[in-house]
Amino acid sequence: MFEEAQYFSPVNEDEHGRVTVRLARDHPGFADPAYRERRDLIAGLAVGHRRGDPLPEVAYTEEEQEVWRLVSAELASRHRRYAAQEFLDAKDRLKLPADRVPQLQEVSDLLEPLTGFRYLPAAGLVPLREFYGSLADGLFHSTQYLRHHSMPLYTPEPDVVHEVIGHANALASDRFAALYRTAGEAARRVESRQALEFVSRVFWFTLEFGVLLEGGELKAYGAGILSSYGEIEEFRAMDVLPLDIRAMGLTDYDITKYQTVLFRAESLSHLEDVAGGFWETCDDDSIAALGV
Ligand SMILES: [Fe+2]
Numbered sequence: 010m011f012e013e014a015q016y017f018s019p020v021n022e023d024e025h026g027r028v029t030v031r032l033a034r035d036h037p038g039f040a041d042p043a044y045r046e047r048r049d050l051i052a053g054l055a056v057g058h059r060r061g062d063p064l065p066e067v068a069y070t071e072e073e074q075e076v077w078r079l080v081s082a083e084l085a086s087r088h089r090r091y092a093a094q095e096f097l098d099a100k101d102r103l104k105l106p107a108d109r110v111p112q113l114q115e116v117s118d119l120l121e122p123l124t125g126f127r128y129l130p131a132a133g134l135v136p137l138r139e140f141y142g143s144l145a146d147g148l149f150h151s152t153q154y155l156r157h158h159s160m161p162l163y164t165p166e167p168d169v170v171h172e173v174i175g176h177a178n179a180l181a182s183d184r185f186a187a188l189y190r191t192a193g194e195a196a197r198r199v200e201s202r203q204a205l206e207f208v209s210r211v212f213w214f215t216l217e218f219g220v221l222l223e224g225g226e227l228k229a230y231g232a233g234i235l236s237s238y239g240e241i242e243e244f245r246a247m248d249v250l251p252l253d254i255r256a257m258g259l260t261d262y263d264i265t266k267y268q269t270v271l272f273r274a275e276s277l278s279h280l281e282d283v284a285g286g287f288w289e290t291c292d293d294d295s296i297a298a299l300g301v
């Protein structure tokens, strides 16, 4: 469970500025030289991007467009059944294209008038403090590559499907966007590495993998579930614990293995009170007092 969209392939830049993405041996694209070349090229665009410049455009291939079309359609039918209403309403507001991969600039232009969030390109993993801290400024770092076409419904890494279908749709909600910002402010406020990791784990178990009750039914609002074809079908069969800051902040997640535990809010307001309330006020001392 929750194997998808967690692990970032390392990105290297050599002394000549050549950017290489190191795919793991079991990555679906590992043995495909054309895919690997594509990954290097797309990562290179983000590495070369400077803040304030227009966001890099990727000339997506027909094969990549087909992956987007297929995954968008498969996820849309599952969203109707399993996504929280706030996410569905936000998705209706954002109106992402389902027939082609949107450019990050386009995602930004759709999102900014709604909640003020803008996208930035990421080649791969962005350091924790930068990734979360930028949320306080309404900036979201996003990869631009697609999963390998041989397995369109699976990705071991957060690709543009995860970043945009999972996160941008959520960020089109005023209430979720406010939570993302508050998490970002908390990441900026805390100083120790442990406190930062605690803040990021609360984010992980809420805005990435959170579920909530709606009309007596368990619905997903976390971007990691809502962008994952396999997990969206299975989240209701997992161990679901009540929302608890200390438990979330102290539960280690192994990014390369299945997640087996989820945390459930009783409602969106409950999530705002508990997670939002925590991020609003937490600091190194209050987190240390939780037993970190
Ligand atoms: Fe994510």
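Each number in this note's numbering corresponds to the 1-based position in the sequence shown with 9 added.
Every residue gets a Cβ at the ideal spot worked out from N, C-alpha and C, and that includes glycine.
- Remark: the shortest separation between the CB of A52 and any heavy atom of ligand 1 does not fall under 7 Å.
- Annotated three-state conformation of R184 is helix, per DSSP.
- Judged by DSSP in its simplified three-state form, E240 adopts helix.
- Short note on H176: C-beta closer than 7 Å to some heavy atom of ligand 1.
- Under the DSSP assignment, D248 falls outside any alpha helix (DSSP H), being part of the beta strand (DSSP E) whose first and last residues are 248-251.
- Boundaries for R90: no beta strand (DSSP E) harbours it, while the alpha helix (DSSP H) harbouring it runs 71-91, taken from the DSSP string.
- Contact fails between the stretch 215-227 and the stretch 154-174, because fewer than three Cβ pairs, one in each stretch, are under 8 Å apart.
- As the crow flies, the alpha-carbon of D35 is around 42 Å from that of T290.
- In terms of Cα proximity to I296, the closest of A196, D62, L113, F126 is A196.
- P19 and G224 have their alpha carbons spaced roughly 42 Å apart.
- A residue is called buried once 16 or more other Cβ atoms fall within 10 Å of its Cβ, and T164 is buried on that count.
- At least one heavy atom of ligand 1 lies less than 7 Å from the C-beta of G233.
- Taken through DSSP and simplified to helix, strand or coil, F272 comes out as strand.
- Counting the other CB atoms within 10 Å of its CB gives D168 a total of 16 or more, which places it among the buried residues.
- By the neighbour-count definition (other C-beta atoms within 10 Å, threshold 16), A68 is an exposed residue.
- Not one heavy atom of ligand 1 is found less than 7 Å from the C-beta of E226.
- Relative to ligand 1, H25 has its C-beta separated by 7 Å or more from all heavy atoms.
- In this structure, DSSP gives P42 a helical state, which the three-state scheme calls helix.
- Under a 10 Å Cβ-count criterion, S151 is classified as buried, with 16 or more other Cβ atoms of the shown protein chains found around its own Cβ.
- Secondary structure remark: continuous beta strand (DSSP E) runs of at least 3 residues inside the stretch 98-174, in chain order: 127-130, 148-151.
- According to the DSSP assignment, V208 belongs to no beta strand (DSSP E) but to the alpha helix (DSSP H) extending over 202-212.
- If you compare the alpha carbons of E172, A246, F207 with that of G300, the shortest gap goes to F207.
- Per DSSP, the beta-bridge partners of N21 are T29.
- L299 carries a coil assignment under DSSP once its states are collapsed to helix, strand and coil.
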